[in-house]
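**Student:** Heads up, this note's numbering is the position in the sequence shown plus 20, with the first residue counted as 1.
Once you've had a glance at the structure underneath, I'll fire off some questions.
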Amino acid sequence: MDPVNDAANHTADSVPGPPSTATAPLEAGRRSPTGSRLYPRVTSFRSRRGALTPNQQQSWDRMWPKIGREVGDEPLDAAAWFGHDAPLVIEIGCGTGTATAAMALAEPKVNLIGIEVYQPGLAQLVQRIEREDIDNIRLLRGDAVDVLEHMIAEESLTGVRVFFPDPWPKARHHKRRLLQPTTLALIASRLRAGGVLHVATDHAGYAEHIAEVGAGEPQLVGLNETTGGAGVAPGGDAPIGFDRPVTKFEGKAHRAGSAITEFIWGKIK
């Protein structure tokens, strides 16, 4: 069993390297839809550095040129990167990839892109991809909002998954939460008609926030009971699966009595 998913552990952090738009002022004249022209937007992750083990570095050197890229401003040609066209799903904050790998294996006809800022977490997923020869995962290292703004075309995604994002529980940090109205609108704009946004959290306060933000997004309609829908039938006509493997972190949350809240929305057709 792989180690706990860093995203589920609320430790999706920035990677070493030169400043990006998440940590430095934007270029003159450049404006981000979710930020200011002169000042960077508030990011939803903490800064943390980490070193790779020798085995991780070797696997990284072998695999990253094929399956990984740094986040940039160039539009992404997913079909060319994967070598074929298929429904495209992104997972924001894939951490060490426990859920990412399992869901990719369960959906071999789906192209899955995991986005993560913390390199040691990505390195564990890279090792598993190599070890199990998983060919339908690609990885982007950097800020997911930059990916959505600059690399993903409108109405091109079949699904977006956000599992256990950092809840930033202190009131003064709520502005750092990923799922704000502007970000949810951005995600919705990248979903194709009928595409799905699947969110899970173990934090009751964040669940209330997510429910409020989701209810206010006109491009989305609730598909499960939490979002005001009738519920999604297993094996129905949903374009992606909703079964998540239970990570070590989620197991701890269950044992601690924390409720897991799932949100499933569909893009209005």
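Where a beta carbon is used, it is the ideal one built from N, C-alpha and C, also for glycine.
(1) Within 10 angstroms of its Cβ, does N131 collect 16 or more other Cβ (buried), or is it exposed?
(2) G179 to A273, Cα distance in whole Å?
(3) With a cut-off of 8 Å, do at least 3 Cβ pairs link the region 165-177 to the region 142-154?
(4) Grab me the residues of P187's own chain with a C-beta within less than 6 Å of its C-beta, minus the 5 sequence neighbours each way, in chain order.
(5) Alpha carbon to alpha carbon, how far is P128 from A235?
(6) Taking 8 Å as the cut-off, decide whether the C-beta atoms of L160 and I135 are in contact.
(7) Using a Cβ-Cβ cut-off of 6 Å (strictly less than) and excluding sequence neighbours within five positions of L204, which residues of its own chain qualify?
(8) Across which residues does DSSP place F183 in a beta bridge pair?
(9) Can you give the beta carbon distance from G306 to G162, rounded, assuming they're within the 8 Å contact cut?
(10) What number of angstroms, rounded off, separates the C-alpha of P189 from the C-alpha of R197?
(11) Apply the 10 Å Cβ neighbour rule to G115 and answer buried if 16 or more other Cβ atoms are within range, or exposed otherwise.
(12) For M83 and R181, I'd like the C-alpha separation in whole angstroms.
(13) Roughly how many angstroms separate the alpha carbons of I110 and L168, rounded to a whole number?
(14) With distances taken from CA atoms, which of K289, T267 and G277 is nearest L240?
(15) Taking Cβ to Cβ, would you say A121 is nearer than 8 Å to L72?
(16) Grouping DSSP H, G and I as helix and E and B as strand, with all else coil, what is T41?
(17) Identify which residue in A164, T246 and I260 has its Cα closest to the Cα of I280.
(18) So what does DSSP say about I172, is it helix, strand or coil?
(19) DSSP three-state call for L177: helix, strand or coil?
(20) For D105, does the count of other Cβ atoms within 10 angstroms reach 16, so buried, or fall short, so exposed?
**Tutor:** On the basis of the supplied data:
(1) buried
(2) 26 Å
(3) no
(4) H223 and Y226
(5) 32 Å
(6) yes
(7) V233 and E237
(8) A220
(9) Absent from the structure is residue 306, since the part of the chain shown begins at 21 and ends at 289.
(10) 9 Å
(11) buried
(12) 24 Å
(13) 10 Å
(14) K289
(15) no
(16) Here T41 scores only 33 on pLDDT, less than 50, and its place in the model is too uncertain to base an answer on.
(17) T246
(18) coil
(19) strand
(20) exposed
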